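Single-structure report; data block below.
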RNA sequence: GCCUCGGUGGCUUAGUGGUAUAGCGUUCGCUUGGUAAGCGAAAGGUCGCGAGUUCAAUUCUCGCCCGGGGCUCCA
């Protein structure tokens with residue numbers, strides 16, 4: 002069945018002449034309807050299940066009518082939407098059935114069936130005014146809109162880091178005894194408030210927008226669509242380092258193999274259509290000769306069809322895959338703020354395909370630990386909290402397992418209980434960074450999914466030599482790299498707000514050590530020193546410009562350089578160097594040997610990936626990217 | 001998409017119905033320095049784009065594009 006829905010100011014219909022033998026008997030008068038939803042309907046050959054199709058027709062119309070807030074509906078039989086129409090009688094039956102179903106809630110009419118009709122229509126201009134839908138008799142995956150401010154949830158539970166629970170509701174949450182136990186739970190309190198009451202009013206631009214430009218990391222790109230960013234070398238370095246962290250510290254130890262799927266998908270493939278679901282209106286899509294194409298909104302459109310063609314048995318389980326997935330979501334314009342929300346982003350997506358619920362639970366537990374490490378390495382300890390969404394029935398059965406995980410993670414949590422499953426997952430968690438403006442940003446999420454394995458035919462061969470659907474654990478370790486960088490920068494903003502120097506995590510700092518020669522006589526010494534440092538895989542640059550030392554120091558402060566060394570005559574003779582260390586505070590200099598400095602940096606960046614910055618070592622050779 | 005505020009050299013900005021201000025940066029000259037900004041000069045602007053009103057528009061009006069905030073939603 003194909004339908005076209007038009008929210009119109011008015012429509013005039015006038016039956017002219019019978020087009021088919023079975024046309025219904027009506028008077029030849031002009032009818033006008035004002036402010037109504039007009040639904041053009043084509044029943045197709047395969048719509049043999051009259052009841053089923055009529056029911057879906059009713060639901061589709063109902064969904065749109067309630068969104069555009071109209072009580073009047075006109076069903077307009079319109080065979081021309083399809084090239085393979087059903088017999089007329091069946092089409093009319095479906096329309097009549099749907100009309101009866103809709104009449105409970107709406108004032109419904111239908112245009113004469115089987116007539117040549119003249120009509121005039123005026124369509125409203127808003128975004129939902131013109132929609133088309135295509136469906137059959139099978140049950141449509143119900144699009145459950147998550148209601149605002151926790152509306153889809155029935156119970157809320159707060160826990161401390163040891164798993165001690167406090168049940169709260171929308172009204173009394175502020176009085177929760179846990180929040181009276183000192184500042185330790187302030188972050189959780191902010192998150193609970195944001196979830197139950199909404200985010201606080203923001204003052205001005207988020208800080209990370211200023212920082213991302215100032216530090217020459219990322220920038221808006223007016224030549225592209227909104228929400229597509231351009232990356233400068235330093236930003237790209239951070240992005241690459243995070244991807245390397247994902248690969249070396251998470252995916253490989255976890256045992257996932259890396260795959261890559263296309264960005265572009267054909268809408269005529271049933272699996273792809275099934276997956277679209279609620280993202281449909283956010284797709285970048287366009288028509289080609291024989292098909293509609295979309296850019297993927299997540300790794301799933303590639304990953305699921307990829308997995309259901311793999312041949313694997315219980316001996317391989319669990320089987321894990323990951324992808325650095327470039328994704329596209331056409332968010333409405335004003336949702337886009339700096340890096341917090343973009344239209345083109347890079348998600349690191351891990352899936353684990355499991356044999357049974359116990360295996361899935363264990364995978365979930367393991368992935369949590371990676372999530373915690375990641376939050377501590379890129380955000381700061383204590384600046385993030387955990388959110389959970391759990392289906393009531395699942396919660397009751399798996400309470401002990403859940404609280405054991407919370408204890409293991411040792412982070413305060415906020416659990417939201419859903420009376421029934423509204424999405425594909427029975428349970429998910431959210432690693433939430435809490436920011437300077439008290440917004441929360443989700444970085445990682447792990448989800449337990451018992452439905453998609455079956456829906457997409459992702460099966461393993463069991464001991465019984467039969468195929469069984471997998472339970473899928475989804476894990477976006479970095480929900481988006483862009484958003485992760487946003488959180489890192491917003492975290493630096495907290496430091497600045499509280500009077501500490503804002504910094505990037507040392508392992509992500511584009512320059513880790515800067516050498517400032519006092520004059521060009523000491524350039525050689527600087528060069529020599531830098532080579533010693535480079536050998537240890539530490540990023541070092543030299544401010545070789547003809548500028549005063551004061552100027553060079555000033556610039557290094559603006560660039561958030563963690564370690565600055567000035568070298569001149571004194572240093573050429575001495576064994577120790579004066580190191581200006583940013584994290585110690587304004588103007589703090591510490592005498593240190595180069596060996597000890599290297600050792601300090603190596604210790605602080607232990608187990609973290611290293612990569613060279615793709616800019617000349619000499620500042621005099623670098624262009625200015627911003628400003 | 002809706003509501004709202006904005007767009008002036010590479011960046012940040014003043015200002016005006018008669019083509020425009022300053023700082024940073026850039027280039028050149030002087031300065032060879034000691035932990036947050038040395039001195040001087042020069043170059044650099046269709047005042048976001050298009051249309052309208054006007055003798056005249058960067059300034060007023062409308063449309064579009066881009067950006068900020070709000071509604072909303074999520075990774």
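Residue numbers (the numbering used here): 2 to 628. For each residue, glycine too, the CB sits at the ideal point set by N, CA and C. This structure is a prediction, so every number in the text was calculated from the model and none was measured.
- [ ] State yes or no: is the C-beta of residue 345 within less than 8 Å of the C-beta of residue 304?
- [x] Taking the first chain and counting its residues from 1, the one referred to as residue 345 is at position 344. Taking the first chain and counting its residues from 1, the one referred to as residue 304 is at position 303. With respect to residue 304, residue 345 sits apart: the two C-beta atoms are not nearer than 8 Å.
TODO: Buried or exposed for residue 491, please, with buried defined as at least 16 other CB atoms from any protein chain shown within 10 angstroms of its CB.
DONE: Sequence index remark: in the first chain, residue 491 carries index 490 (1-based). That one is buried.
Open item on the list: Runs of 3 residues minimum, wholly inside the segment 372-411: which ones carry the beta strand (DSSP E) assignment?
Closed with: 385-392
Open item on the list: So residue 354 and residue 459 are supposed to be a Cβ contact under 8 Å. How far apart are they, rounded?
Closed with: Counting from one through the first chain, the residue named residue 354 turns up at place 353. Counting from one through the first chain, the residue named residue 459 turns up at place 458. With 8 Å as the limit, residue 354 and residue 459 qualify as a contact, their Cβ atoms being about 6 Å apart.
- [ ] Rounded to whole angstroms, what's the CA-CA distance from residue 542 to residue 520? Just pull it up for me.
- [x] By 1-based counting over the first chain, the position of residue 542 is 541. By 1-based counting over the first chain, the position of residue 520 is 519. In a straight line, the C-alpha of residue 542 is about 16 Å away from that of residue 520.
- [ ] Identify which residue in 545, 240, 259 and 600 has its Cα closest to the Cα of residue 537.
- [x] Reading the first chain from its first residue, position 536 is the one you call residue 537. Out of 545, 240, 259 and 600, 600 has the C-alpha closest to the C-alpha of residue 537.
- [ ] Pair every Cβ in the segment 449-458 with every Cβ in the segment 468-479, then say whether three or more of these pairs are closer than 8 Å.
- [x] yes
- [ ] Sort out for me which residues DSSP pairs residue 606 with in a bridge.
- [x] In the first chain, the residue the question calls residue 606 occupies position 605. Within the DSSP bridge table, the entry for residue 606 names no partner.
Open item on the list: Please state whether the Cβ-Cβ distance between residue 326 and residue 350 is less than 8 Å.
Closed with: Counting from 1 along the first chain, the entry for residue 326 is found at position 325. Counting from 1 along the first chain, the entry for residue 350 is found at position 349. Yes, Cβ-Cβ distance for residue 326 and residue 350 is below 8 Å.
Open item on the list: Short of 6 Å in beta carbon distance, which residues of its chain neighbour residue 498, apart from the five on each side in sequence? Order them along the chain.
Closed with: Translated into the one-based positions of the first chain, residue 498 becomes position 497. Hits under 6 Å: 437.
TODO: Can you say whether residue 287 is buried or exposed, counting buried as having 16 or more other CB atoms within 10 angstroms of its CB?
DONE: Translated into the one-based positions of the first chain, residue 287 becomes position 286. Exposed is the call here.
Open item on the list: Using the Cβ count rule (16 or more neighbours within 10 Å means buried), how would you classify residue 464?
Closed with: Residue mapping note: residue 464 aligns to position 463 of the first chain, counting from 1. Its Cβ having fewer than 16 others within 10 Å, residue 464 is exposed.
Open item on the list: Rounded to whole angstroms, what is the Cα-Cα separation between residue 14 and residue 107?
Closed with: Looking up residue 14 in the first chain gives position 13. Looking up residue 107 in the first chain gives position 106. Spanning the two alpha carbons is a distance of roughly 20 Å.
Task: 8 Å Cβ cutoff met for residue 179 and residue 158 - done: Position 178 of the first chain holds residue 179. Position 157 of the first chain holds residue 158. No; because the gap between Cβ atoms is not below 8 Å, this pair is not in contact.
Task: Length of the line joining the Cα atoms of residue 40 and residue 5 - done: Numbered from 1 along the first chain, position 39 holds the residue referred to as residue 40. Numbered from 1 along the first chain, position 4 holds the residue referred to as residue 5. Between residue 40 and residue 5, the C-alpha separation is close to 6 Å.
- [ ] Tell whether a beta-carbon distance below 8 Å holds between residue 610 and residue 246.
- [x] Within the first chain, numbered from 1, the residue matching residue 610 stands at position 609. Within the first chain, numbered from 1, the residue matching residue 246 stands at position 245. Less than 8 Å divides the Cβ of residue 610 from the Cβ of residue 246.
Task: Given residue 208 as reference, the closest of 523, 339 and 99 once Cα atoms are compared - done: Stepping through the first chain from its first residue, residue 208 is reached at position 207. When only C-alpha atoms are compared, the closest one is 339.
TODO: Would you check if the segment 7-22 and the segment 108-125 touch, i.e. whether three or more CB-CB distances between them fall below 8 Å?
DONE: yes
- [ ] Check each candidate in 401, 416 and 478 and name the one with the smallest Cα separation from residue 372.
- [x] Residue numbering aside, residue 372 sits at position 371 when the first chain is read from its first letter. Measuring from the Cα of residue 372, the nearest candidate turns out to be 478.
Open item on the list: Which residue marks the beginning of the alpha helix (DSSP H) containing residue 246, and which one marks its end?
Closed with: Taking the first residue of the first chain as 1, we reach residue 246 at position 245. It spans 234-246 - the alpha helix (DSSP H) in which residue 246 sits, taken as one unbroken run.
Open item on the list: Would residue 55 and residue 95 be called neighbours here (beta carbons separated by less than 8 Å)?
Closed with: Within the first chain, residue 55 is the residue found at index 54, counting from 1. Within the first chain, residue 95 is the residue found at index 94, counting from 1. Yes.
Task: Collapsed DSSP secondary structure at residue 19 in the structure displayed - done: Counted from its first residue, the first chain places residue 19 at position 18. Correct three-state label for residue 19: strand.
Open item on the list: Assuming residue 445 is part of the beta strand (DSSP E), what are its boundary residues?
Closed with: By one-based count along the first chain, residue 445 stands at place 444. Taken as a continuous stretch (DSSP letters only), the beta strand (DSSP E) holding residue 445 covers 441-450.
Task: Opening and closing residue of the beta strand (DSSP E) in which residue 109 lies - done: The count along the first chain starts at 1 and reaches residue 109 at position 108. Counting along the chain, the beta strand (DSSP E) containing residue 109 begins and ends at 108-111.
Task: Distance between residue 572 and residue 597 (C-alpha atoms, nearest Å) - done: Residue mapping note: residue 597 aligns to position 596 of the first chain, counting from 1. Residue mapping note: residue 572 aligns to position 571 of the first chain, counting from 1. The alpha-carbon atoms of residue 597 and residue 572 are separated by roughly 16 Å.
TODO: Please state if the CB of residue 404 and the CB of residue 183 are separated by a distance shorter than 8 Å.
DONE: Reading the first chain from its first residue, position 182 is the one you call residue 183. Reading the first chain from its first residue, position 403 is the one you call residue 404. In this structure, residue 404 does not lie closer than 8 Å to residue 183 by Cβ.
- [ ] Please name the residue in 392, 210, 443 and 594 whose C-alpha comes closest to that of residue 424.
- [x] Along the first chain, read from residue 1 onward, the residue named residue 424 stands at position 423. The alpha carbon of residue 424 has as its nearest neighbour, out of 392, 210, 443 and 594, the alpha carbon of 392.
Task: C-beta contact flag for residue 384 and residue 434 at 8 Å - done: Taking the first chain and counting its residues from 1, one reaches residue 384 at position 383. Taking the first chain and counting its residues from 1, one reaches residue 434 at position 433. Result yes, Cβ atoms of residue 384 and residue 434 sit closer than 8 Å.
Task: Backbone secondary structure at residue 144 - three-state DSSP - done: For the purposes of this step, residue 144 is taken as residue 143 along the first chain, with counting starting at 1. For residue 144, the pLDDT reaches just 32, beneath the cut-off of 50, and the residue's location in the model is therefore unreliable, leaving the point undetermined.
Open item on the list: For residue 151, which residues in the same chain have their Cβ closer than 8 Å to its Cβ, ignoring the five residues on either side in sequence?
Closed with: Here residue 151 refers to the residue found at position 150 when the first chain is read from its first residue. The pLDDT assigned to residue 151 is 43, lower than 50, so where the model puts this residue is not dependable, and the model offers no usable value.
Task: Backbone CA spacing between residue 622 and residue 516 [nearest angstrom] - done: Position 621 of the first chain, counting from 1, holds the residue named residue 622. Position 515 of the first chain, counting from 1, holds the residue named residue 516. The alpha-carbon of residue 622 is positioned some 15 Å away from that of residue 516.
TODO: Would you kindly report the start and end of the unbroken alpha helix (DSSP H) that includes residue 101?
DONE: What you label residue 101 is simply residue 100 of the first chain in a count that begins at 1. Judged by DSSP secondary structure, residue 101 falls within the alpha helix (DSSP H) whose first and last residues are 89-103.
TODO: Assign residue 115 to one of two classes, buried (16 or more other C-beta atoms within 10 Å of its C-beta) or exposed (fewer than that).
DONE: Taking the first chain and counting its residues from 1, one reaches residue 115 at position 114. Label assigned to residue 115: buried.
Task: Length of the line joining the Cα atoms of residue 553 and residue 348 - done: Reading the first chain from its first residue, position 552 is the one you call residue 553. Reading the first chain from its first residue, position 347 is the one you call residue 348. Whole-angstrom Cα-Cα distance: 38 Å.
- [ ] Could you check the C-alpha separation between residue 1 and residue 422 for me, to the nearest Å?
- [x] It is not possible to answer for residue 1, since the shown part of the chain is limited to 2 through 628.
TODO: Put residue 194 into one of helix, strand or coil per three-state DSSP.
DONE: Position 193 of the first chain, counted from the first residue, corresponds to residue 194. Reduced to three states, the DSSP call for residue 194 is helix.
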